[in-house]
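Taking it in order: structure first as structure tokens, then the write-up.
10 protein chains.
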Amino acid sequence: SSLAPRLPSSSVTLFDAKKEKNLTFEAIAKKLGRDEVAVAALFYGQAMANAEDIKNLSDLLGIPADKLESQLAGHPDRGRTMDMPPKEPLIYRLYEIVQNYGYAYKAVLNEKFGDGIMSAISFSTNVKKETDDKGDWVVITLRGKWLPFTRF
Amino acid sequence: SSLAPRLPSSSVTLFDAKKEKNLTFEAIAKKLGRDEVAVAALFYGQAMANAEDIKNLSDLLGIPADKLESQLAGHPDRGRTMDMPPKEPLIYRLYEIVQNYGYAYKAVLNEKFGDGIMSAISFSTNVKKETDDKGDWVVITLRGKWLPFTRF
Amino acid sequence: SSLAPRLPSSSVTLFDAKKEKNLTFEAIAKKLGRDEVAVAALFYGQAMANAEDIKNLSDLLGIPADKLESQLAGHPDRGRTMDMPPKEPLIYRLYEIVQNYGYAYKAVLNEKFGDGIMSAISFSTNVKKETDDKGDWVVITLRGKWLPFTRF
Amino acid sequence: SSLAPRLPSSSVTLFDAKKEKNLTFEAIAKKLGRDEVAVAALFYGQAMANAEDIKNLSDLLGIPADKLESQLAGHPDRGRTMDMPPKEPLIYRLYEIVQNYGYAYKAVLNEKFGDGIMSAISFSTNVKKETDDKGDWVVITLRGKWLPFTRF
Amino acid sequence: SSLAPRLPSSSVTLFDAKKEKNLTFEAIAKKLGRDEVAVAALFYGQAMANAEDIKNLSDLLGIPADKLESQLAGHPDRGRTMDMPPKEPLIYRLYEIVQNYGYAYKAVLNEKFGDGIMSAISFSTNVKKETDDKGDWVVITLRGKWLPFTRF
Amino acid sequence: SSLAPRLPSSSVTLFDAKKEKNLTFEAIAKKLGRDEVAVAALFYGQAMANAEDIKNLSDLLGIPADKLESQLAGHPDRGRTMDMPPKEPLIYRLYEIVQNYGYAYKAVLNEKFGDGIMSAISFSTNVKKETDDKGDWVVITLRGKWLPFTRF
Amino acid sequence: SSLAPRLPSSSVTLFDAKKEKNLTFEAIAKKLGRDEVAVAALFYGQAMANAEDIKNLSDLLGIPADKLESQLAGHPDRGRTMDMPPKEPLIYRLYEIVQNYGYAYKAVLNEKFGDGIMSAISFSTNVKKETDDKGDWVVITLRGKWLPFTRF
Amino acid sequence: SSLAPRLPSSSVTLFDAKKEKNLTFEAIAKKLGRDEVAVAALFYGQAMANAEDIKNLSDLLGIPADKLESQLAGHPDRGRTMDMPPKEPLIYRLYEIVQNYGYAYKAVLNEKFGDGIMSAISFSTNVKKETDDKGDWVVITLRGKWLPFTRF
Amino acid sequence: SSLAPRLPSSSVTLFDAKKEKNLTFEAIAKKLGRDEVAVAALFYGQAMANAEDIKNLSDLLGIPADKLESQLAGHPDRGRTMDMPPKEPLIYRLYEIVQNYGYAYKAVLNEKFGDGIMSAISFSTNVKKETDDKGDWVVITLRGKWLPFTRF
Amino acid sequence: SSLAPRLPSSSVTLFDAKKEKNLTFEAIAKKLGRDEVAVAALFYGQAMANAEDIKNLSDLLGIPADKLESQLAGHPDRGRTMDMPPKEPLIYRLYEIVQNYGYAYKAVLNEKFGDGIMSAISFSTNVKKETDDKGDWVVITLRGKWLPFTRF
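Okay, here's the thing in structure tokens:
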């Protein structure tokens with residue numbers, strides 16, 4: 096019920112239609128041939144839709160294609176959704192992982208790869224559910240290209 | 096050369112010895128039977144060492160056990176290493192992933208698991224290197240227990 | 096009269112009906128079989144309503160069930176209500192308790208439980224009134240599961 | 096090993112002696128006739144020691160009384176220990192409880208008590224451990240005097 | 096002309112009526128049997144109106160009682176009016192007094208009263224005008240109950 | 096024991112001597128012919144000492160006059176003692192009064208005096224203790240010159 | 096085209112009329128017998144208009160006097176126009192002058208005048224244009240009353 | 096006595112010598128053929144000394160030329176002295192002038208000069224004292240080159 | 096789809112027309128005889144349009160000239176578009192370059208030019224695309240007048 | 096004279112030797128076969144030195160190789176030098192360019208390259224001086240690899 100107030104207009108259109116059609120991100124992702132995190136990011140204005148995505152979303156969600164095209168035109172203005180530090184408990188936990196393990200990741204990555212960064216652009220991510228006798232576990236995978244600092 | 100200024104005294108002891116002995120986190124992790132990210136976190140004062148860890152670190156790094164015991168005694172005062180937002184480019188990229196994909200993760204996780212969070216405490220993480228014809232890739236895995244909000 | 100401006104639409108619906116029906120949180124909590132703090136949190140969009148809650152709220156408050164269902168659908172986007180530090184004097188006092196006693200709680204809890212945290216998710220809380228010859232006293236109880244840091 | 100850097104000099108004296116003597120807060124609290132949270136707060140410079148406390152601490156911890164008296168003289172300059180928001184995961188969880196349930200507490204307290212606040216000064220708190228088949232639970236109790244706003 | 100944007104709806108109602116009736120806070124305060132600072136605080140949503148206040152305000156300002164009752168119902172959500180540090184020059188001067196003399200007040204109060212605080216809840220304040228040959232002087236009086244820290 | 100870390104060197108000298116001589120601000124103020132709040136402010140580097148003050152302080156506190164003169168030379172660099180918002184509970188209460196009643200003071204003062212401010216420079220303040228059957232009360236008086244905005 | 100969003104309603108009225116009538120601040124200032132910076136400040140809600148100003152503005156700008164009177168009634172709520180640090184390049188340069196030369200001004204003023212401040216209330220300012228062979232120069236003059244700190 | 100803690104080492108050298116020799120900025124400025132504000136800025140590390148300045152300062156203040164040369168070598172790292180907003184009351188008043196009159200200056204300057212800024216680099220400033228029957232007045236003059244935005 | 100919310104009204108007019116006419120900044124820049132970065136800045140309210148620009152924009156984009164004239168009248172109120180630090184990944188990279196190389200630029204520029212700054216007003220910039228066998232490269236050129244600090 | 100306080104120890108070693116040997120960044124860059132901005136960045140701990148760089152710096156600056164090796168060992172902890180927003184006027188101008196033209200760069204780059212960013216890692220930069228009859232001009236070139244967002 097409480098969408099973040101700084102979303103683009105496309106978000107309202109998409110979330111309303113998803114609720115109306117009672118579809119999961121998993122189902123939409125399957126249709127689009129994309130990952131469900133990417134689809135959710137697209138819903139929040141954090142990822143770009145190409146022409147085929149728009150057609151598929153229009154078909155699946157019953158939104159007129161031109162309306163969707165108009166609202167999703169242009170390149171995403173990313174990052175506006177979120178106040179940092181995050182107040183949402185689920186998202187804060189991810190932030191806390193960066194806060195606590197940030198230098199540990201850096202130390203290990205520098206050791207393994209040299210001087211550089213993991214790209215957040217040439218990048219993909221997904222989410223899996225595992226269950227064992229202790230309960231359910233979330234497994235988030237981040238995969239990014241290693242970019243060495245240019246020597247100049 | 097530029098250790099973060101807010102580290103506990105154990106950090107200086109450990110990093111100096113590691114450099115002196117020319118050991119990788121991978122090698123130390125193998126000896127301790129722990130993950131290399133956990134070991135790096137321990138070096139930065141973000142994870143706890145038990146008695147066996149202290150013994151192993153003492154043996155491997157040639158640090159007197161009582162010195163190490165004294166410096167690593169007590170429970171970590173986590174989170175002080177880092178200014179947020181991170182200024183270090185490598186760590187900023189992780190922060191940016193939370194900023195851009197935070198609500199997408201939440202949407203997908205709520206859909207898959209219900210109302211709750213992924214624990215950052217009942218949690219482990221590791222780093223892998225993959226190489227293909229496009230270059231090197233970093234794969235970071237986050238695995239945390241799903242905690243549903245208590246109904247009360 | 097002055098509801099916080101960042102509340103979801105369900106909050107307005109619920110608070111208006113509560114005022115109209117002249118009901119206390121205590122009475123509503125009784126009907127829902129939940130704690131009155133949980134009910135107030137639900138009113139502020141900080142806790143989730145299940146199907147039975149929605150039915151009970153609809154009956155008790157005279158709100159059409161489908162309206163309530165639509166406004167309370169989805170998972171709460173928690174934490175947006177509040178600016179931190181809180182400016183509201185009552186809430187600031189709670190914040191001040193964390194500020195002043197935070198490290199004391201940590202020291203005592205680490206001593207009693209080891210390395211970990213008290214969960215704020217696997218968690219419940221309630222409020223009681225006590226009266227003695229010095230006046231009225233508020234007793235707030237926080238009860239959370241102890242989560243030890245995973246060794247990895 | 097990693098005491099907060101902004102503690103008064105008494106904190107170092109007290110924590111070093113406690114470690115040397117291998118005493119728990121529980122044991123010290125028993126000796127002083129105070130609660131263990133109050134004792135930990137006193138160690139962090141967040142609570143005041145009276146003459147009897149100083150004598151007891153001197154006896155129990157083997158610290159010369161005049162040294163302790165000199166370091167604990169005057170009134171505490173409270174609140175300096177902590178950066179807010181807290182970066183320490185354990186303390187952050189308490190902060191998060193205020194962030195998420197702050198307005199719920201206010202709503203319930205105003206309903207039960209009228210227009211006022213729960214004092215954080217005319218106040219005591221304690222920590223208990225409970226264990227059931229699901230594991231360990233922390234129970235924190237906050238008890239403060241209700242102060243109605245003066246009508247003027 | 097420039098009311099603060101975060102005021103409750105009652106503020107607009109009250110200020111408009113006051114302007115319409117061309118009444119001073121002094122006159123309104125006299126009618127209500129309250130201090131003029133308390134009345135101004137009530138206008139800004141920072142103090143509570145009881146039933147008699149509402150009746151008196153309705154009579155004096157010509158506002159329908161039920162409208163006023165509805166807008167002033169509930170307990171004030173205090174503190175939202177103001178950004179801190181204050182940008183308004185008059186209010187900044189008060190803030191500056193706290194900034195410059197805060198520790199001096201604490202030192203003198205601790206000396207006179209022991210370990211505690213002056214309550215801002217069990218509290219009243221008023222404003223007087225004095226005139227001498229140097230010009231006009233503002234005299235603000237703050238009177239609050241001394242609350243000693245509980246020993247626990 | 097816990098002097099604020101950003102005090103000028105004179106503060107340490109003065110507070111140590113005051114403790115050594117076991118003198119109250121009241122006694123020192125009497126000797127200097129100044130108010131005790133002004134004296135405490137002088138101790139914290141927030142008020143200026145003239146030649147006579149230095150002589151009196153030297154006599155009373157047994158500090159060599161040239162040392163005092165050297166440390167108190169120049170004009171105070173005011174405001175550095177305090178982080179805002181104040182974390183100290185006693186000082187926070189004063190801050191909260193400004194936060195809650197700031198616009199009320201402005202409204203009443205504008206009504207009584209016109210367009211201007213109360214000076215915090217052409218200003219004096221004092222603290223009194225009152226006791227009645229409800230307990231002790233702090234009375235703080237702020238007295239500042241009214242400065243109308245220049246019309247230009 | 097881009098008026099700051101936090102201006103009072105009078106600002107829109109005044110700027111629209113000024114544009115309509117194609118008048119400069121210089122011309123309006125001449126008519127009002129005030130300085131053009133004061134007039135611009137009045138347009139931005141940072142200075143007060145007296146009855147004569149309102150009459151003159153009404154005549155000159157063709158705004159009904161009662162509309163203007165209503166919008167300009169009351170005392171300005173100063174300081175809301177601007178975010179600090181200023182993002183506007185022209186205004187940032189003024190801010191930078193304070194940042195870089197602030198202590199230099201203080202040192203020179205304390206030397207020339209003693210312990211005090213330059214009033215920003217008992218204050219006027221103006222802007223002049225000078226031209227020489229190197230180009231145009233802005234000359235801003237700030238003139239404020241010296242206020243010595245009261246000795247108390 | 097309370098120099099700002101972030102000053103370069105040259106500041107301590109210069110201020111100590113100035114105090115020792117009991118010289119005013121006015122006298123030093125005369126010797127250097129510079130303005131006294133520029134000299135004070137140089138003392139605070141906010142302006143550059145050329146070879147002649149260094150020689151003159153060495154002569155006048157009795158500081159070995161090579162020591163001064165070494166400490167004043169390089170280009171100033173400006174702006175570090177000051178926390179913004181300024182807490183020092185004198186400097187705050189200048190900041191407040193920018194906050195209140197910033198847009199008024201911009202409006203008048205754009206009208207007089209077009210689209211551009213007043214340079215804070217190609218810039219000089221001075222301070223004068225005026226006295227009339229109302230008391231002393233500070234007159235600060237800011238003179239900067241007008242820089243039009245390049246059309247590109 | 097997601098224009099920044101703080102843009103002037105002209106931005107909406109211009110971006111809508113550009114999309115409607117399906118024109119690139121490159122094509123518009125050609126028509127106006129300006130650089131495409133300058134044109135984009137004009138669209139975002141960060142650069143000024145002269146009469147000829149308005150005529151050209153009106154012709155090319157099919158916007159009535161008087162509408163455009165009215166919306167683009169006056170001088171830009173620059174800097175409001177952006178929150179700093181930027182959350183948009185593309186813009187953050189530019190910010191990061193300043194963060195990481197800021198002092199390196201200063202050191203090299205001071206060495207090459209002396210004590211001064213590169214103007215951001217007497218300034219132009221452009222963007223080029225280069226392609227080699229490693230992929231595409233962005234080349235941003237910043238060209239600003241060197242302004243030496245005035246000696247005064 | 097005023098090195099930034101948060102530099103690694105290598106910075107002091109390098110800057111002192113550079114001053115001692117009276118060498119420019121240009122000369123050092125020539126010896127190292129690197130760009131002078133990269134060399135300055137290396138001095139500030141913002142770029143990495145390889146073995147050959149260390150040998151060359153040791154030879155040229157007369158610093159023992161093992162000292163340099165030890166101080167420059169490991170991977171830079173970038174970004175700590177700078178407070179943002181920058182207070183140094185020269186560096187602020189670069190920050191202001193990002194603030195004012197950030198969205199213009201994004202708009203033009205998205206148009207030219209699609210959805211992605213300019214890398215600040217796979218990146219080089221240099222500084223040139225141009226002189227014409229209007230004076231000296233700084234030309235800063237930023238060259239970074241275009242990274243398209245991965246579609247996933």
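Protein chains in written order, with the numbering used here: chain A, 96 to 247; chain B, 96 to 247; chain C, 96 to 247; chain D, 96 to 247; chain E, 96 to 247; chain F, 96 to 247; chain G, 96 to 247; chain H, 96 to 247; chain I, 96 to 247; chain J, 96 to 247.
C-beta: ideal position from N, C-alpha, C; glycine also.
All values reported here derive from a predicted model rather than from experimental measurement.
Chain G within 8 Å of residue i, Cβ atoms only
i, result
"Arg-175/F", "no"
Three-state secondary structure assigned by DSSP to residue i
i, result
"Arg-173/F", "coil"
"Asp-130/I", "coil"
"Asp-178/B", "coil"
"Asn-145/J", "coil"
"Arg-101/E", "coil"
Check: residue i C-beta below 7 Å from any heavy atom of the ligand ZN
i, result
"Lys-125/J", "What this structure holds is no ligand at all, so the ligand ZN is not there to describe."
Minimum Cβ-Cβ distance from residue i to chain F less than 8 Å
i, result
"Leu-204/E", "yes"
"Ser-105/C", "no"
For residue i, the residue or residues it bridges with in DSSP
i, result
"Lys-207/A", "Paired residues: none, contrary to the question."
"Arg-238/G", "Ser-219/G, Val-234/H"
"Pro-243/J", "Gly-211/J"
"Lys-224/A", "Val-233/A"
Nearest-angstrom Cβ-Cβ length linking residue i and residue j, presumed shorter than 8 Å
i, j, result
"Thr-108/E", "Leu-163/E", "7 Å"
"Met-213/I", "Gly-197/J", "With 8 Å as the limit, Met-213/I and Gly-197/J do not qualify as a contact, their Cβ atoms being about 18 Å apart."
"Val-193/B", "Ile-186/A", "7 Å"
"Val-234/H", "Tyr-200/G", "Wrong, their Cβ atoms sit about 12 Å apart, outside the cutoff."
"Ala-136/I", "Ala-144/I", "Rounded, the Cβ-Cβ distance is 10 Å, inconsistent with contact."
"Phe-244/E", "Gly-211/E", "6 Å"
"Val-222/G", "Val-222/H", "Wrong, their Cβ atoms sit about 18 Å apart, outside the cutoff."
"Arg-238/B", "Phe-218/B", "7 Å"
Closer than 8 Å to chain I by CB, residue i
i, result
"Phe-247/J", "no"
"Asp-172/A", "yes"
Cβ of residue i within 8 Å of any chain D Cβ
i, result
"Gln-166/A", "no"
Chain A contact for residue i (CB, 8 Å cutoff)
i, result
"Gln-141/D", "no"
> Can you list, in chain order, the residues of the segment 179-191 of chain D whose Cβ is nearer than 9 Å to any Cβ on chain A?
Replying inline: Pro-180, Lys-182, Pro-184, Tyr-187, Glu-191
>> For the segment 228-242 of chain J, list every residue whose C-beta sits within 9 Å of some C-beta in chain I, in sequence order.
In response: Lys-229, Gly-230, Asp-231, Trp-232, Val-233, Val-234, Ile-235, Thr-236, Leu-237, Arg-238, Gly-239, Lys-240, Trp-241, Leu-242
> At a Cβ cut of 9 Å, what residues of the segment 197-224 of chain H count as close to chain J, listed as they run along the chain?
Replying inline: Within the segment 197-224 of chain H, the residues whose Cβ lies closer than 9 Å to some Cβ of chain J are Ala-215, Ile-216, listed in chain order.
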